[in-house]
Amino acid sequence: MDAAPAPKFVERKTALGRWWQSKSLRRFRRNPLAIVGLVIVASFVVIATIAPLVTPLGRSCMRDLGLTAATADAHRDVRNAAFWQLMFRTPDSCYMMPRAGFSPIPQSAEASGTLLGTTSQGYDIYYGLMWGARTAFRIGVLVVGIGLTVGILIGATAAYLGGWVDNVLMRFTDVVIAVPALVLALVIVMVLGNSIVNLMIAIAAVAWPSYARLVRGEVLRIKQLEYVTGAQAMGRRSFGIVFRHILPNAIGPVLIVASLDIGSIVLTAAALSFLGLGPELGYTDWGQMISFARNWILGPPGQPLAYWYTSFWPGLTIVMFVLGWNLLGDAFRDVLDVRGHV
Amino acid sequence: MFTFILRRLMMLPLVFFGVTIIIVLLMQLLTPAQRAAAYIRSENQANQIPEIIRQYRLDEPWYVQYGLWIGRLADGDLGYSRTTNEPVLTTLRKRLPTTAELALLAILPVVGVGIFLGTMAALNRDGVIDQVVRVLSIFGWSIPTFVMGIWLLVIFYGLLGWFQPGRISTEFAIQMATGDFRNYTGFLTLDALLNGRLDIALDALRHLVLPVITLATVSSAQIMRVMRSSLLDALSEDYVRTARAKGLRARVVNRKHARRNALIPVITLSGFVLIGLINGVVITETIFNYPGLGQWAARAALNLDYASVLGFAIFTAVTVVAANLLVDVLYGIVDPRIRYG
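Just so you know, the sequences run in chain order A and B.
Counting in the working numbering, the first sequence runs without a single skipped number right up to 1165 at its last residue.
Counting in the working numbering, the second sequence runs without a single skipped number right up to 1507 at its last residue.
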């Protein structure tokens, strides 16, 4: 049996392999802080995914899933419709924090029988934090999506058409950037009214200008390239050129920058809802949970830290989330930085 | 330089025009009766809403309303704040020094700590100081203002009892209201000193400690990071090597050649820092119950007090544009290429 010795080194030629071995990704892998960031963000993705399976569901949520006390655990079984509904078509009622009693005073974990205690009015902190991760990603991804769409449309139009269109659109962008994001979002939520959808609209309305500027820069650069001149010479219509030839090449860096914004977008959302301009009362949302804690900074006489859990857990969760995205974003900006390669 | 500033100045009216248009368009989402609420002064006027709508012509098309609104703005009529029960302009004028006192005190650590630590870190690259500064800046940058404020209150107010929220202790507030305390500047610490009341000045300062830390943390961390990386870039430039080769002392090279150039990105960032401070002021003042513009705006937004929130929005936009103008001028002074370019 003299089989040919297996080659010691198999060069991976797949696209994935090449990407994994690429210079920028090697740099990323060697940066320990980047790995920490990636792990934190990945943990939050996992938490957001499994939140429905590891939290005790509230009554209205169970009712909307068609569960009764007898079948209370049915949603944890993949063979049940309730599982799939909970995962992918989550009823709105599941995003409301269940209440362990209606005590106006926060209750510790032992007293309330919940994992991390309750806020005032009996909202379950553990449930709020786990499902809050789901809310955070919902807000982050949707806002980036809306903001990116608007930004791409405005940026690409401005860059491709140039002239006065460019001028008007970019000055409009300047104006929106000139108002502090929180203030503009505050005005928009106030006018539209409190709800999670309006919160997302408001934040998207302040997020698009930076994407528009980025897209414009990229399109302007690519517009100069010869293949675009070629397409023009072949008589393609301008919008065809923009969408078929320019945008697909311009969109990569913008997409990365935008997705790294999820951290700061969630932060803005939390800040607004801390001020009381977020989703409705009792929604699983970290900012609101911090605002609950505001009234419980002082404990009863003699027990100064009696209500520590109301501010500690939600605060820690938000800090970790923002930290993860900041580390990740920092590493990516490092990798993408052209100067660094020279 | 002159034309450069002039070009920048032309941005001001443009931004003002744009921001006001956006605001008036947003207001069109409201019914005329809701818009009328901005001009109601007391509950007794609730049944006069149709007259108010007619008087202020709130049911006209938006461009007519825009013209009228700008006209009223020019007369200083920003509407009536239901939150403070006085005209919006009066509240703006009254609360501006309160917020300015907080913000100016917060800028000191932002610039001082940020630039100082950033420089130290870059000069001791990969040393102990550098590592500590980097960890500090990552955490400082990641703690949201509202979490920072609450945690500081839990520790220094709840547990240790060193500082209180608010702007001044009740006993001093009463003394100031009843005695012959005169307001010169609106800056409480300064006014107290001018009145010869050291105790009040110290009390006011004590109330400012936690809000200033809260407000300054994020921005200091940002400045620190940018200062560090841009100084590192500058230190690896050819002109720095040349200066060293000439035999100049390290201090001179670091200060005159490297740091001066490294400051340019930091100045660019300071415009963003100001925006960050305005966002931060709204949250910080709310947490610490500090009676400034931010607390007023946040409360007004909850009360659906449109006039106040819009007044605040216009004020911040103008402030930001003016500050960016200042940044650009500063930029021209530091970097001659921009002046002559």
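From the three backbone atoms N, C-alpha and C, an ideal C-beta is built for every residue, glycine too.
Residue i, buried or exposed, once every other Cβ within 10 Å from all chains shown has been counted against 16
i, result
"A892/A", "exposed"
"L848/A", "exposed"
"L1368/B", "exposed"
"W1307/B", "buried"
"Y1106/A", "buried"
"R912/A", "exposed"
"Q1221/B", "exposed"
"H1164/A", "Residue confidence is low: H1164/A scores 35 on pLDDT, short of 50, so the model does not pin down where it sits. Its coordinate-derived value is still stated next. Exposed: under 16 other Cβ atoms inside 10 Å."
"R1333/B", "buried"
"P1377/B", "buried"
"F1478/B", "buried"
"L939/A", "buried"
"R1162/A", "For R1162/A, the predicted structure reports a pLDDT of 39, less than 50, and the residue's modelled location is therefore unreliable. A value from the coordinates is still provided. Per the 10 Å Cβ criterion, exposed."
"I1113/A", "buried"
"D1365/B", "exposed"
"G1507/B", "With a pLDDT of 48 at G1507/B, under the threshold of 50, the predicted position of this residue should be treated as unreliable, and no value is reported."
"G1053/A", "exposed"
Best match in the options for proximity to residue i [C-alpha to C-alpha]
i, options, result
"R1207/B", "L1191/B, V1475/B, R1248/B, V1378/B", "R1248/B"
"R957/A", "I1141/A, L1150/A, R1156/A", "I1141/A"
"A1199/B", "I1188/B, I1189/B, A1212/B, I1187/B", "A1212/B"
"W1031/A", "P1071/A, I969/A, R899/A", "I969/A"
"R1447/B", "F1312/B, G1278/B, L1224/B", "The displayed chain sequence assigns Val, not Arg, to residue 1447/B. Here the closest residue by C-alpha is F1312/B."
"H1373/B", "F1454/B, N1349/B, V1484/B", "F1454/B"
"A1027/A", "G963/A, A981/A, V991/A", "G963/A"
"A1207/A", "R841/A, F1155/A, A923/A", "Because chain A in this structure spans residues 824 to 1165, residue 1207/A falls outside the shown range and cannot be described."
"C917/A", "A874/A, P927/A, L839/A", "A874/A"
"S1386/B", "D1225/B, L1325/B, V1299/B, T1257/B", "V1299/B"
"L880/A", "D947/A, L1095/A, F1066/A", "D947/A"
Interface residues of chain A facing residue i [CB-CB closer than 7 Å]
i, result
"T1482/B", "V1002, P1003, V1006"
"T1452/B", "L1098"
"A1424/B", "Per Cβ cutoff of 7 Å: no residues; A1424/B is ~17 Å from chain A at best."
Expected contact under 8 Å - CB spacing of residue i and residue j to nearest Å
i, j, result
"T1133/A", "P929/A", "5 Å"
"I1011/A", "L1476/B", "I1011/A to L1476/B, Cβ: 12 Å. No contact."
"V1077/A", "L1048/A", "So it is not a contact: roughly 17 Å between Cβ atoms."
"A857/A", "L1150/A", "6 Å"
"V1419/B", "A1428/B", "That pair is no contact at about 12 Å."
"A1093/A", "W1109/A", "5 Å"
"W1148/A", "G1086/A", "3 Å"
"V967/A", "D1084/A", "6 Å"
"I1441/B", "V1486/B", "6 Å"
"G951/A", "F925/A", "With a Cβ gap of about 16 Å, G951/A and F925/A do not count as contacting."
"T1186/B", "I1480/B", "7 Å"
"L1262/B", "L1459/B", "6 Å"
Span of the alpha helix (DSSP H) around residue i
i, result
"M1013/A", "1004 to 1015"
"R1039/A", "1019 to 1046"
"Y1323/B", "Premise fails: Y1323/B is in no alpha helix (DSSP H) and is neither H nor E."
"M910/A", "904 to 911"
"S1396/B", "1364 to 1401"
"G1446/B", "1426 to 1453"
"D1107/A", "Note on residue identity: the sequence assigns Thr, not Asp, to residue 1107/A. Per DSSP, T1107/A belongs to no alpha helix (DSSP H) and is neither H nor E."
"V851/A", "Note on identity: in this sequence residue 851/A is Phe, with Val being the wrong assignment. Here the alpha helix (DSSP H) through F851/A covers 846 to 853."
"A1093/A", "1085 to 1097"
"D887/A", "882 to 887"
"N990/A", "986 to 1001"
"Y1523/B", "Because chain B spans 1167 through 1507 in this model, residue 1523/B falls outside it and cannot be assessed."
"I1236/B", "1228 to 1240"
Proximal chain A residues relative to residue i, where beta-carbon distance stays under 8 Å
i, result
"A1212/B", "Those do not exist, as A1212/B stays about 20 Å from chain A at its closest Cβ, beyond 8 Å."
"S1308/B", "V1142, V1145, L1146, N1149"
"V1487/B", "A1001"
Contacts of residue i in chain B (Cβ-Cβ under 8 Å)
i, result
"M1013/A", "A1467, L1470, Y1472, V1475"
"W1131/A", "V1320"
"R994/A", "L1180, G1184"
"R1117/A", "I1316, I1453"
"I1120/A", "I1316, L1319, V1320, Y1323, G1324"
Beta-carbon neighbours of residue i, restricted to chain B and to distances below 9 Å
i, result
"S866/A", "Ordered by position in chain B, no residue passes the 9 Å Cβ test against S866/A, which lies about 15 Å from the chain."
"D997/A", "M1177, L1180, V1181, G1184"
"A1094/A", "P1310, T1311, F1312, N1445, V1448, I1449"
"V991/A", "Those within 9 Å of V991/A in chain B number zero; the least Cβ separation is about 10 Å."
"S1134/A", "V1313, I1316, W1317, L1319, V1320"
Chain B contact residues for residue i, given Cβ-Cβ distances below 7 Å
i, result
"P1127/A", "G1324, L1325"
"L1090/A", "P1310"
Neighbour list for residue i in chain E, Cβ cutoff strictly below 8 Å
i, result
"I1113/A", "No chain E is present in this structure, whose protein chains are A and B."
Per-residue contacts from residue i into chain A (C-beta, under 9 Å)
i, result
"F1329/B", "None at all; the shortest Cβ gap to chain A is about 12 Å."
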